[in-house]
């Protein structure tokens with residue numbers, strides 16, 4: 376498994392663990408929207424966003440400064456991975 | 062937020078003593094558990110009501126943050142742990158500190174101690190701040 380795939384897996388595991396979702400992390404599509412309509416993605420809400428912010432800090436040592444940054448970073452697993460890579464660079 | 066501005070009314074107001082800031086995003090609230098009417102039989106506060114107490118303390122501390130006049134509501138509990146149920150006559154100190162925030166949602170870590178400093182409960186509450194102050198009391 377390469378570094379990109381490893382990061383995606385870590386992010387998906389974080390989402391499931393932090394939000395206590397009863398799903399297999401592998402079923403989360405990379406490009407699916409995390410928030411909003413559950414029929415298209417995970418259907419997370421603002422409280423879930425806060426939990427993910429806390430999880431990101433704990434797992435990756437990355438702070439999400441504000442809501443504007445958070446909305447873009449948490450758009451999808453792909454977007455979150457891009458955000459983490461940017462912050463780590 | 063002052064105690065008077067807390068939207069909860071008795072017998073559902075549990076945080077009813079002085080509020081003081083203890084640091085950035087942190088505060089201390091005191092409460093006296095009275096007998097009868099508040100909790101389960103004999104006035105004992107159940108675990109759920111201890112969570113509500115933490116939430117009211119958090120709201121008081123959150124209300125003291127820069128955006129005065131905004132209300133809020135309890136959006137969730139997590140990792141709530143009760144050492145013992147508070148009893149009538151207990152004087153409780155609730156320390157709350159911001160654990161994180163995103164938009165209108167703020168998560169607080171809270172610990173409740175009795176007058177002797179012994180731990181009574183701990184946990185986290187998430188408060189969602191409203192858009193405007195309430196016109197009437199809840």
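Residue numbers (this note's numbering), protein chains in the order written: chain A, 376 to 464; chain B, 62 to 199. Idealized CB from N, CA, C, for every residue including glycine. Everything numeric in this text was worked out from a predicted model, so none of it was measured.
If you run the structure through DSSP and keep just helix, strand and coil, what is residue i?
| i | result |
| --- | --- |
| residue 478 of chain A | Since the displayed chain A opens at 376 and closes at 464, residue 478 of chain A lies outside it and no answer follows. |
| residue 459 of chain A | helix |
| residue 113 of chain B | helix |
| residue 120 of chain B | helix |
| residue 412 of chain A | coil |
| residue 140 of chain B | strand |
| residue 387 of chain A | helix |
| residue 150 of chain B | coil |
| residue 419 of chain A | strand |
| residue 394 of chain A | helix |
Any idea which residues DSSP pairs residue i with across the strands?
| i | result |
| --- | --- |
| residue 155 of chain B | B:90 and B:173 |
| residue 162 of chain B | B:167 |
| residue 427 of chain A | Beta-bridge pairing links residue 427 of chain A to no other residue. |
| residue 134 of chain B | B:189 |
Let's see if you can read the secondary structure: which residues bound the beta strand (DSSP E) around residue i?
| i | result |
| --- | --- |
| residue 190 of chain B | 180 to 190 |
| residue 83 of chain B | 80 to 84 |
Is there a C-beta anywhere in chain B that falls below 8 Å from the one on residue i?
| i | result |
| --- | --- |
| residue 445 of chain A | yes |
| residue 389 of chain A | no |
| residue 455 of chain A | no |
| residue 386 of chain A | no |
| residue 442 of chain A | yes |
| residue 394 of chain A | no |
| residue 409 of chain A | no |
| residue 428 of chain A | yes |
| residue 439 of chain A | yes |
| residue 425 of chain A | yes |
Of all the CB atoms in chain A, is at least one closer than 8 Å to the CB of residue i?
| i | result |
| --- | --- |
| residue 165 of chain B | yes |
| residue 171 of chain B | no |
| residue 162 of chain B | yes |
| residue 187 of chain B | yes |
Mind pulling the chain C residues with CB within less than 7 Å of residue i?
| i | result |
| --- | --- |
| residue 136 of chain B | No chain C is present in this structure, whose protein chains are A and B. |
Pairs of beta-carbons, one from the region 440 to 448 of chain A and one from the region 384 to 401 of chain A, closer than 8 Å: are there three or more? The region 440 to 448 of chain A vs the region 384 to 401 of chain A: no contact.
Within 8 Å, do at least three Cβ pairs link the region 420 to 437 of chain A to the region 160 to 167 of chain B? Two segments are said to touch when three or more pairs of C-beta atoms, one from each, lie closer than 8 Å; by this definition the region 160 to 167 of chain B touches the region 420 to 437 of chain A.
Does the region 108 to 115 of chain B touch the region 175 to 184 of chain B, meaning 3 or more C-beta pairs lie closer than 8 Å? Touching, yes.
With three or more C-beta pairs closer than 8 Å as the rule, is the region 83 to 96 of chain B touching the region 147 to 157 of chain B? They touch, by the three-pair rule.
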